[in-house]
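Colleague: For the sequence shown, my numbering assigns the number 1 to the initial residue and increments by one for each residue that follows.
The structure under discussion is supplied below as structure tokens; questions concerning it will follow.
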Amino acid sequence: MSAASAQSSAAPRRALPGSPFLVALAGDRPSRRPVWFMRQAGRSLPEYRALRAGRDMLATCLDPELVCEITLQPVRRHGVDAAILFSDIVVPLKTAGVGVTIKPGVGPVLDAPVRARADVDALPPPSPEGLEPVASAVGSLIAELGQTPLIGFAGAPFTLASYLVEGGPSKHHEKTKALMTGAPDVFAALLDKLADHTISFLTAQLAAGADAVQVFDSWVGALTLADYERHVLPHTRRVFAEIAQFGVPGVHFGVNTGHLLGAMAGTGAQAIGADWRTPLPEAAKAVGPGLALQGNLDPALLLAPRAALEAETRRVLADADAALAEGTPGHVFNLGHGVLPETDPGALTAVVDLVHSEPVAP
Ligand code: 1CP
């Protein structure tokens, strides 16, 4: 029995029949247009900054009480239709014993990069025990959230690999691409091990009751379609196949993925997140009629004058309606990537109010 099936009966899954977010992902007509924001937890909120002051990021991710509070903050403040767990994509690596820290203002930084077969062989397997604080936070959140669904998440194998191979954040992912093309067997072994970590992190959250998941392949847009299909897709497909037994919807998202959307639709996800560069009707054509769409307001526009922000929000809603009219089963309003740290939280609340005030497409 796999680790995932061993845990799938751990907690009875709650039913949230009225949730606009879950209804839209299921392809039914929601009572109002659902909206949440990538990176809504943390980032722009002063109440988050106050809590985080003097606290290490990864230590915060492993403190269930703090995780609960930070996850709930944007739900209270903005009235979004889903909560996303406060955590990070490198948490499963940290808890397994990989030397990684999150440097303020930078992101994940590795003690030692992974660039050769021996480095891959030395990577530790997932540690379900290490993830117990995450599962505990999910359990408490399910109890606190009432009718608001909780989204669990993980980084996809390629995006995790980019941090491990580069040693930290990267613009061009050149060392990752060099390994992928120069030593494809080593790269495949690395992605296979990382897929185990992705599955373990998602399983911990799903077994504890998460209502949906999002798998972030944030940096996969740097690849060609051919490289994506050969080196990445099989591993991401395994992730979605392993979590399918939980029966919850999965969203798959990456930045700059206009040329990959059709292939990403073949991962087993129920919905695809589009970044702001691809208009939703175009994304709909790429992913086909069976998958819901999420997105895709440019997060930079939250810093624009309010009238421009409103106009762009309405344009995204009109694009969504055009996609729905052509057969897209559902739409969840979101940004085309995460909230920028300098965003005025009032702009986020204004977008939520506007999205909720617009009638659901017939
Ligand atoms: O969305 C939410 O509100 C939940 C919290 C969350 C999520 C979903 C955080 C908290 N991180 C993530 C996922 C994550 N982490 C992704 C995928 C989503 C995306 O593309 O935005 C990625 C790529 C990371 C890696 C990471 N962690 C970065 C990016 C670095 C880079 O390469 O540009 C950064 C800055 C972090 C640290 C981090 N994670 C989360 C927060 C609030 C922070 C900032 C912490 C701090 O410095 O105080």
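Where is the CB? At the ideal position from N, CA and C, for every residue including glycine.
Can you say whether H172 is buried or exposed, counting buried as having 16 or more other CB atoms within 10 angstroms of its CB?
Modeller: exposed
Colleague: Assuming contact is defined by CB atoms lying nearer than 8 Å, are Y228 and V239 in contact in what I supplied?
Modeller: no
Colleague: Compute the minimum distance between the beta carbon of D88 and the heavy atoms of the ligand 1CP, and state whether it is under 7 Å.
Modeller: yes
Colleague: On the DSSP bridge assignment, give the partners of G250 in chain order.
Modeller: V213
Colleague: If we cut at 8 Å on Cβ distances, does H78 have a partner in chain C?
Modeller: No chain C is part of this structure, which consists of one protein chain only.
Colleague: Within the same chain, show all residues whose beta-carbon is closer than 7 Å to that of K193, passing over the 5 residues directly before and after it, in chain order.
Modeller: V120 and L123
Colleague: Would you say the segment 312-319 touches the segment 351-360, given that touching needs at least three Cβ pairs under 8 Å?
Modeller: They touch, by the three-pair rule.
Colleague: Take P104 and list the residues in its own chain whose beta-carbon comes closer than 8 Å to its own, dropping the five residues that flank it on each side.
Modeller: M57
Colleague: T313: beta carbon under 7 Å from a heavy atom of the ligand 1CP?
Modeller: no
Colleague: For F201 and R237, I'd like the C-alpha separation in whole angstroms.
Modeller: 16 Å
Colleague: With a cut-off of 8 Å on the beta carbons, I'd call G273 and V287 a contact; round off their distance for me.
Modeller: Not quite, the Cβ-Cβ distance comes to about 10 Å (not below 8 Å), so this is no contact.
Colleague: How far does the alpha helix (DSSP H) with G54 in it extend, from its first residue to its last?
Modeller: Careful: G54 lies outside any alpha helix (DSSP H) and carries neither H nor E.
Colleague: How is V360 classed by DSSP in three states: helix, strand or coil?
Modeller: coil
Colleague: Examine the ligand 1CP and report whether any of its heavy atoms sits within less than 7 Å of the Cβ of H337.
Modeller: yes
Colleague: Using DSSP's beta-bridge definition, name the partner residues of F153.
Modeller: Q214
Colleague: State the DSSP-derived secondary structure class of L335, mapped to helix, strand or coil.
Modeller: strand
Colleague: Can we count G105 as close to the ligand 1CP, meaning its CB is less than 7 Å from some heavy atom?
Modeller: Look at G105: its beta carbon is less than 7 Å from one of the heavy atoms in the ligand 1CP.
Colleague: Mapping the DSSP letters down to three states, classify Q294 as helix, strand or coil.
Modeller: Note: Q294 maps to strand in three-state DSSP.
Colleague: Using a Cβ-Cβ cutoff of less than 8 Å, which residues in the same chain neighbour V339 once the five nearest sequence positions on both sides are dropped?
Modeller: F37, M38, R39, Q40, R43, S44, P299, L302 and L348
Colleague: From what residue to what residue does the alpha helix (DSSP H) around I365 run?
Modeller: Because the chain is modelled from 1 through 362, residue 365 falls outside the range shown and cannot be assessed.
Colleague: Spell out a yes or no on whether the segment 325-338 and the segment 24-36 are touching, meaning 3 or more CB-CB pairs, one atom from each, closer than 8 Å.
Modeller: yes
Colleague: Given P64, which residues of its chain have a CB within under 7 Å of its CB, disregarding the five upstream and five downstream residues?
Modeller: These residues qualify, in order along the chain: P133, S136, A137 and S140.
Colleague: Determine, using beta carbons only, whether L261 and F153 come nearer to each other than 8 Å.
Modeller: no
Colleague: In angstroms with no decimal places, state the Cα-to-Cα distance between G182 and A222.
Modeller: 17 Å
Colleague: Would you say the beta carbon of Q40 is closer than 7 Å to some non-hydrogen atom of the ligand 1CP?
Modeller: yes
Colleague: Assuming the contact rule is C-beta atoms closer than 8 Å, G155 and F216 should be a hit. Round their C-beta distance to whole Å, please.
Modeller: 5 Å
Colleague: Hey, quick one: how far does the alpha helix (DSSP H) through T224 stretch, first residue to last?
Modeller: Bounds of any alpha helix (DSSP H) do not take in T224, whose DSSP letter is neither H nor E.
Colleague: Is it buried or exposed, Q147, if we count other Cβ atoms within 10 angstroms and call 16 or more buried?
Modeller: exposed
Colleague: Report the three-state DSSP secondary structure of T313 (helix, strand or coil).
Modeller: helix
Colleague: Would you call the CB atoms of L164 and L110 closer than 8 Å?
Modeller: yes
Colleague: On a CA-only basis, which of L93, L297 and T278 is nearest N256? Give me that one, please.
Modeller: T278
Colleague: Among L309, T328 and L293, which residue has its Cα nearest to the Cα of T343?
Modeller: L309
Colleague: What residues match up with L194 in a beta bridge as DSSP calls it?
Modeller: For L194, which the question treats as bridged, DSSP gives no partner whatsoever.
Colleague: For the putative contact between A322 and P281, defined by C-beta atoms under 8 Å, what is the C-beta separation to the nearest angstrom?
Modeller: Yes, A322 and P281 are in contact; Cβ-Cβ is about 5 Å, under 8 Å.
Colleague: Just to confirm my understanding: we take L25, look at its own chain, exclude 5 residues before and 5 after, and list those with CB closer than 8 Å. What are they?
Modeller: A212, P249, V251, Q270, A271, A292, G330 and V332
Colleague: In whole angstroms, what is the alpha-carbon distance linking G18 and R52?
Modeller: 34 Å
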